[in-house]
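Residues 32 to 479, numbered by the working numbering, are exactly what the sequence shown covers, in order.
C-beta atoms are modelled at their ideal positions from N, C-alpha and C, and glycine is treated no differently.
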Amino acid sequence: MAKPKAKKPKAKPKAKPTWAGRLPGGLAPEAWDFLHSLPHDRFLWPYDIDGTRAHVSALTAAKILTAAEGKALRKELLSMKAHPELIEDTDEDVHSAIERVLTVRLGEVGAKVHTGRSRNDQVATALRLWNKDALLGVHKAVSKLLRSLVSQAEQNISTLVPGYTHLQRAQPVTIAHWLCAHGFAFARDLDRLEAAKNTTDVSPLGAGALATSTLGLDPSVAQNELGFAETFGNSIDAVSDRDFLADSVYACAMALTHLSRLAEEIVVWSSSEFGFVKLPDRYATGSSMMPQKKNPDVAELARGSTGIAVGALTGLLVTLKALPLAYDRDLQTDKQHVRDVFTTTIGAFTAMSGLIGGMKLDAGRLREASADPSLLATDMAEDLVRSGTPFRQAHEEVGKRFPRSSKTSPPKSAPRASVRARSTSGGPARSSVEGQIKKLRKRIQPTR
Ligand code: ARG
């Protein structure tokens, strides 16, 4: 898209509702305070300007505007784009602000801009344009974390760690295998973000209030100019559909749910009780009172951020539930639900990728923990199976030797041999983990 010129156009405030012809008395002050949406939609300014320019192109293509009128409007819009300060507190919303400024500056030509358009298709268009950008930001942040995980995995391909079920020691694995497990979850999050981008990539412009217009506007003109993959299939649906927001917020909520699981393990593993992980100083905090403390606040706040996204998803779905077609003013709250979700998700993933990239594994503690003979109980039972004992019997025999585990102490190299023997694809053996790393590396190639 062309860069907006840096000049600041002049426009005096003269906000009269767009619908003042029908209701000239104006709103009661408390109704105005309650209804006007500038506090929540000001951020759509550049996106709504792009949408408006595309609408001007459609009006010009349909010969509703002359080429000269179209040119004047497009030029003016471009010069306004970097100047959201043109919005006045007396504007009802970002959409009427744009129309007001154009009308103040261009007179009659400005007053033609809303021809064949409604704020219903206008807001849906701006919101989708913004959402595409926001999703791209989240996608980048999740990829960044995945990159940090994969680099740590490459450095720890033979670092042993007990694998856990029920947070009880289970079987030996490696740090690389564990990191890749989180990595596969984040790779699915990238898929979900891409799917949300696809449902977002539809242009609603031309749907009008709900039933298009009588002016013969071609929706594909705006669609092409705005870079949407397709135009709406049904104009009623186009103005009432907010699935793309729900899909996007769900993708964020799921990604943050995954991040919270990683963060929780970092919190636990960096405690003195586990001591597996040393946090990088720049991603840890101290205590205002206790001089000795080094706290995992980044991981904790990442874990806590999940609540914001899950809350937003619930709020948005509750707003959408049982809304009659087509547009209803309830939809105005969509922005309030979703806006923080994207910034929170990006912040959490970006900070956590710094933490994961910079953390150090404590080889001594990990070696000690991985030497726990109980980790090899299943291997011992499988040894008996190999010499013909039915598994249930082998399980019982080995089970009887625990918890008197000292009697059963296997040789020191045993956890390493156990990992080596688990070379099934997807398992912890070096060759298997190398395959997993390769798959994840492919997922974060910048071409996606
Ligand atoms: N501020 C409104 C919103 O965000 C714009 C659409 C208003 N449309 C209407 N018919 N009142 O949803």
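Boundaries of the beta strand (DSSP E) in which residue i is found, first to last residue
| i | result |
| --- | --- |
| G194 | 191-196 |
Residues that DSSP places opposite residue i in a beta bridge
| i | result |
| --- | --- |
| P203 | P193 |
| K391 | K309 |
| T316 | N326 |
| V233 | E261 |
Environment of residue i [buried if 16+ CB atoms lie within 10 Å]
| i | result |
| --- | --- |
| Q254 | buried |
| T478 | Caution applies to T478, whose pLDDT of 44 falls short of 50 and renders its modelled position unreliable; the model cannot decide the point. |
| E107 | buried |
| K175 | buried |
| S463 | buried |
| K469 | exposed |
| T345 | exposed |
| A400 | buried |
| D247 | Rather than Asp, the amino acid found at residue 247 in this sequence is Gly. When all chains shown are included, G247 counts as exposed. |
| F65 | exposed |
| W209 | buried |
| R84 | buried |
| N265 | exposed |
| K473 | exposed |
| N187 | buried |
| G163 | The residue you asked about is not Gly; residue 163 is Lys in the sequence shown. That one is buried. |
| W50 | exposed |
| V280 | buried |
| V349 | exposed |
| Q467 | buried |
| P70 | exposed |
| M321 | exposed |
| K143 | buried |
| D361 | exposed |
| H126 | buried |
| L117 | buried |
| P55 | exposed |
| L386 | buried |
| T374 | exposed |
| A294 | buried |
| K324 | exposed |
| W76 | buried |
| S179 | buried |
Extent of the continuous alpha helix (DSSP H) run through residue i
| i | result |
| --- | --- |
| R178 | 150-186 |
| P446 | 445-452 |
| Q476 | Run containing Q476: none; DSSP gives neither H nor E here. |
| Y281 | 274-300 |
| R136 | 125-137 |
| L415 | 408-417 |
| Q424 | 422-431 |
| L66 | 60-66 |
| T91 | 76-92 |
| S110 | 98-111 |
| D72 | 69-72 |
| D268 | 266-271 |
Spatially closest choice to residue i from the options, by CA coordinates
| i | options | result |
| --- | --- | --- |
| V308 | L392, V270, G335, D365 | L392 |
| G378 | K171, G56, K47, T134 | K171 |
| L177 | G395, I95, D403, G388 | G388 |
| A412 | C283, R423, L198 | R423 |
| R273 | T455, L397, D152, D222 | D152 |
| E100 | L348, G57, R136, I118 | R136 |
| A445 | A357, D410, Y281, L276 | D410 |
| K431 | R451, A408, G419, S449 | A408 |
| L166 | L362, S418, D232 | D232 |
| W161 | E261, K366, F217, T420 | K366 |
| D289 | S418, F215, E465 | With the sequence shown as reference, residue 289 is identified as His, and Asp is not the correct amino acid for it. It is F215 whose Cα lies nearest to the Cα of H289. |
| W300 | R150, T316, N326 | N326 |
| V252 | S234, I267, S244, G239 | S234 |
| R370 | R159, W63, A103, A93 | R159 |
| A242 | V450, R148, R417 | R148 |
| I80 | T156, A142, L58 | T156 |
| Q199 | T455, P421, S405, R461 | S405 |
| Q202 | A452, L471, E465, T375 | A452 |
| R223 | D249, A284, G237, T245 | A284 |
| T146 | H426, I206, G237 | G237 |
| T119 | V154, T230, P48 | One point to set straight first is that residue 119 is Glu, not Thr, in the sequence displayed. Considering only alpha carbons, the answer is P48. |
| K352 | L310, T337, I297, S271 | S271 |
| P115 | F74, K94, E130 | F74 |
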